[in-house]
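**Q** The structure that follows is given in the form of structure tokens.
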Amino acid sequence: MRAERRIHLLRHAMPVPDPTSSPSDWPLSSSGRFAAAAQRDRVPDVDRVLSSQEIKAVETARLATGREPHCDPRFGEVIRPGEPYDDDVRARRRAWVQSLPDTRHHGWETLEEAARRFGDAVQEHPDEDLLIATHGMVMTAWLAGIGALRQGRSAADYWDALPFPSLVTIRISADPRIIPSLTPTLPRSLER
Numbered sequence: 626m627r628a629e630r631r632i633h634l635l636r637h638a639m640p641v642p643d644p645t646s647s648p649s650d651w652p653l654s655s656s657g658r659f660a661a662a663a664q665r666d667r668v669p670d671v672d673r674v675l676s677s678q679e680i681k682a683v684e685t686a687r688l689a690t691g692r693e694p695h696c697d698p699r700f701g702e703v704i705r706p707g708e709p710y711d712d713d714v715r716a717r718r719r720a721w722v723q724s725l726p727d728t729r730h731h732g733w734e735t736l737e738e739a740a741r742r743f744g745d746a747v748q749e750h751p752d753e754d755l756l757i758a759t760h761g762m763v764m765t766a767w768l769a770g771i772g773a774l775r776q777g778r779s780a781a782d783y784w785d786a787l788p789f790p791s792l793v794t795i796r797i798s799a800d801p802r803i804i805p806s807l808t809p810t811l812p813r814s815l816e817r
């Protein structure tokens, strides 16, 4: 087993929101496709490229790496059945990330459930450096769940600052006593 490995989390580029379809079916916008493709030389070389099954994440992974990702639904965004795409979407999602669920989150996956399924998928690749094309809420839940971010308002502020796309690297030691370190502590936009 390696002494340390790196997991690169790539938040998908900007999609085309369509309130009449599921967010998992939203493709990248033309500017999102350009931003993802422009990153090919900036994305680190890794042992394996993984992605959620959502179209916007798969497209981001392909364009940013030039490789076909292995899709795993456990890297998908937080399960939010029936969530409307309305003026409250950002505030509703921020409340969830901040660990303040209320009646707007009825039927949603909990932070702990989302972090656990994401972590279970990561653990299937214990000796590999990974690039995971994923989503802001679930990656923030996982980072807070492993102690790389503080839960609550700090995690919500982090999520709020994540641009489309963004790349963060987490270093995980084989020694479980060492807290995972996150670089950068604020996400670096890949669009620069």
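Sequential numbering from 626 applies to the sequence shown in this note's numbering. Note that CB positions come from ideal geometry on N, CA and C, so glycine has one too.
1) For Ser646, does the count of other Cβ atoms within 10 angstroms reach 16, so buried, or fall short, so exposed?
2) Output needed for Gly772: all residues of its chain with C-beta closer than 8 angstroms, excluding positions within five of it in sequence on either side, in chain order.
3) Round the Cβ separation of His760 and Glu702 to the nearest angstrom and send it over; I've been treating them as touching at under 8 angstroms.
4) Please state if the CB of Asp666 and the CB of Glu753 are separated by a distance shorter than 8 angstroms.
5) Could you check the C-alpha separation between Thr794 and Thr728 for me, to the nearest Å?
6) Among Gln664, Gly707, Phe700, Pro709, which has the Cα closest to the Cα of Arg687?
7) On the three-state DSSP scale, how would you describe Ile680?
8) Around the C-beta of Ser655, are 16 or more other C-beta atoms found within 10 angstroms, so that it is buried, or is it exposed?
9) Are there 16 or more other CB atoms within 10 angstroms of the CB of Asp713, so buried, or fewer, so exposed?
10) Drop a sphere of 10 angstroms on the beta-carbon of Asp697, count the other beta-carbons inside from all chains shown, and report buried for 16 or more, exposed for fewer.
11) My understanding is that Ala628 touches Pro790, with C-beta atoms under 8 angstroms, so please give their C-beta distance in whole angstroms.
12) Leaving out the 5 sequence neighbours to the left and right, which residues in its chain are closer than 7 angstroms to Pro640 when beta-carbon positions are compared?
13) According to the Cβ coordinates, are Ala584 and Arg699 closer than 8 angstroms?
14) Look at Ile797 and Leu634 and say whether their C-beta atoms are less than 8 angstroms apart.
15) Taking buried to mean at least 16 other C-beta atoms within 10 Å of its own C-beta, is Thr690 buried or exposed?
16) Could you check what DSSP says for Val674 in three-state terms: helix, strand or coil?
17) Quick check on this structure: which residue in Trp784, Ile632, Trp721, Tyr783 has the alpha carbon closest to the alpha carbon of Glu738?
18) Once you ignore the five residues that flank Trp733 on each side, which residues in its own chain have a CB closer than 8 angstroms to its CB?
19) Per DSSP, what are the beta-bridge partners of Val793 in this structure?
20) Does the beta-carbon of Ala799 have 16 or more other beta-carbons within 10 angstroms, so that it is buried, or is it exposed?
**A** On the basis of the coordinates in this document:
1) Result: exposed.
2) Only Ile804, Pro805 meet the Cβ criterion.
3) Between His760 and Glu702 the beta-carbon gap is near 4 angstroms, inside 8 angstroms, which marks them as a contact.
4) In this structure, Asp666 does not lie closer than 8 angstroms to Glu753 by Cβ.
5) About 34 angstroms.
6) Minimum Cα distance to Arg687 is reached at Gln664.
7) Ile680: helix per DSSP, three-state reduction.
8) Around the beta carbon of Ser655, fewer than 16 other beta carbons lie within 10 angstroms, which makes this residue exposed.
9) Taking all protein chains in view, the Cβ of Asp713 is surrounded by fewer than 16 other Cβ atoms within 10 Å, so the residue is classified as exposed.
10) Classified as buried, Asp697 has 16 or more neighbouring CB atoms from the shown chains inside 10 Å of its CB.
11) The Cβ separation is near 29 angstroms, so there is no contact.
12) Excluding residues within five positions, the ones whose Cβ falls inside 7 angstroms are Trp651, Pro652, Leu653, Ser654, Gly657, Lys681.
13) A question about residue 584 goes unanswered here, because the residues of the chain that appear run from 626 up to 817.
14) Result no, Cβ atoms of Ile797 and Leu634 do not sit closer than 8 angstroms.
15) In this structure Thr690 is buried. Its beta-carbon is surrounded by 16 or more other beta-carbon atoms within 10 angstroms.
16) DSSP places Val674 in strand when its eight states are reduced to three.
17) The shortest Cα separation from Glu738 among Trp784, Ile632, Trp721, Tyr783 belongs to Trp721.
18) Counting only Cβ-Cβ distances below 8 angstroms, and skipping sequence neighbours, we find Val703, Ile704, Arg705, Pro706, Glu708, Trp721, Pro726.
19) Paired residue(s): Leu634.
20) It is exposed - the Cβ of Ala799 has fewer than 16 other Cβ atoms within 10 Å.
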